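Read through the structure below, which is laid out as structure tokens, and then see the notes.
Numbering (the numbering used here), first residue to last: 145 to 395.
See the structure below:
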């Protein structure tokens, strides 16, 4: 996998403003997608592609759109929610793309954020015990994978028991849990996006399926898949494996 690093911030601004990231894709209208969360997926795709400078560009694009659509009296709270959803999405994707890339993206986003949109407190409770997180993780896996959950857990645990425990407790229990900022549908689509960029077709196929289990329509999943591919191409990602199509049998 190779990455294009020479693209300037100005070029990313042009890419975000001129590309159909707000989803008029293959006849899929913006209204039939998941407004206003389209912006999560290009942000995750850029972060996973190790193009951190593009992440605040997407944020500013989404922020400007929010300001045009919302009433002034509710704008401040919604802007803060938007910023938190960006941070949380990139944090979740870091489990798949690697936290060095996530750190780069979060720092770039932080440096571009006005102080009023920055956080000083954790979103998670550090005093929650690991056993509780493990229980939450297993519940989330069951909700996302449906009847395939035990099969996936057995696969991970048999490959390496520590891997099975880690996925239950840390990945799904701590990192992937929605935390009130993102819906389960959005989480599944974020994981699918990151896996597409990282050229991991087995997991990408899983999460294209879990997105459907979590409430995304086939059209919505196809749109997010295309966003990941377009951003990946623009970022210089070179795939060795075929990018999977939607699999609705993960249930």
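Every residue, glycine too, gets a C-beta built ideally from N, C-alpha and C.
This one's a predicted model, so the numbers in the text were calculated from it and none came from an experiment.
For residue i, the first and last residue of its enclosing alpha helix (DSSP H)
i: residue 377; result: 362-379
i: residue 349; result: 345-357
i: residue 213; result: 198-213
i: residue 191; result: 184-192
Rounded Cβ spacing between residue i and residue j (contact assumed at less than 8 Å)
i: residue 229; j: residue 284; result: Between residue 284 and residue 229 the Cβ distance is about 18 Å, and since that is not below 8 Å, they are no contact.
i: residue 333; j: residue 360; result: 6 Å
i: residue 356; j: residue 392; result: 5 Å
i: residue 325; j: residue 385; result: At roughly 31 Å, the Cβ-Cβ gap does not stay under 8 Å, so residue 325 and residue 385 are not in contact.
i: residue 280; j: residue 223; result: Between residue 223 and residue 280 the Cβ distance is about 29 Å, and since that is not below 8 Å, they are no contact.
i: residue 329; j: residue 368; result: The Cβ separation is near 10 Å, so there is no contact.
i: residue 234; j: residue 199; result: 7 Å
i: residue 381; j: residue 193; result: 6 Å
i: residue 362; j: residue 390; result: 6 Å
i: residue 225; j: residue 207; result: About 11 Å; that fails the 8 Å criterion.
i: residue 219; j: residue 211; result: 7 Å
i: residue 278; j: residue 312; result: 5 Å
Any non-hydrogen atom of the ligand SAM closer than 6 Å to residue i Cβ
i: residue 348; result: Absence of the ligand SAM from the depicted structure is noted, as is the absence of any ligand whatsoever, leaving it without description.
Notebook entry, point to check: Which ranges would you report for the alpha helix (DSSP H) in the region 221-297 if only whole runs of at least 4 residues count?
Noted result: 243-256 and 274-289
Item checked: Stretch pair the region 237-244 + the region 188-195: three plus CB contacts closer than 8 Å -> yes
Next item on the list: Output the residue ranges of the alpha helix (DSSP H) runs that lie fully inside the region 293-330 and measure 4 residues or longer, sorted by chain position.
Entry: 293-303 and 305-310
Notebook entry, point to check: How do the region 370-389 and the region 340-349 stand: do at least 3 beta-carbon pairs fall below 8 Å, yes or no?
Noted result: Touching, yes.
Check: Is the region 308-324 touching the region 275-292, taking contact as three or more C-beta pairs under 8 Å?
Finding: Between the region 308-324 and the region 275-292 there are three or more C-beta pairs closer than 8 Å, enough to call the two in contact.
Note to self: Taking contact to mean 3 or more Cβ pairs, one atom from each stretch, closer than 8 Å, check whether the region 199-211 and the region 248-258 are in contact.
What the structure shows: yes
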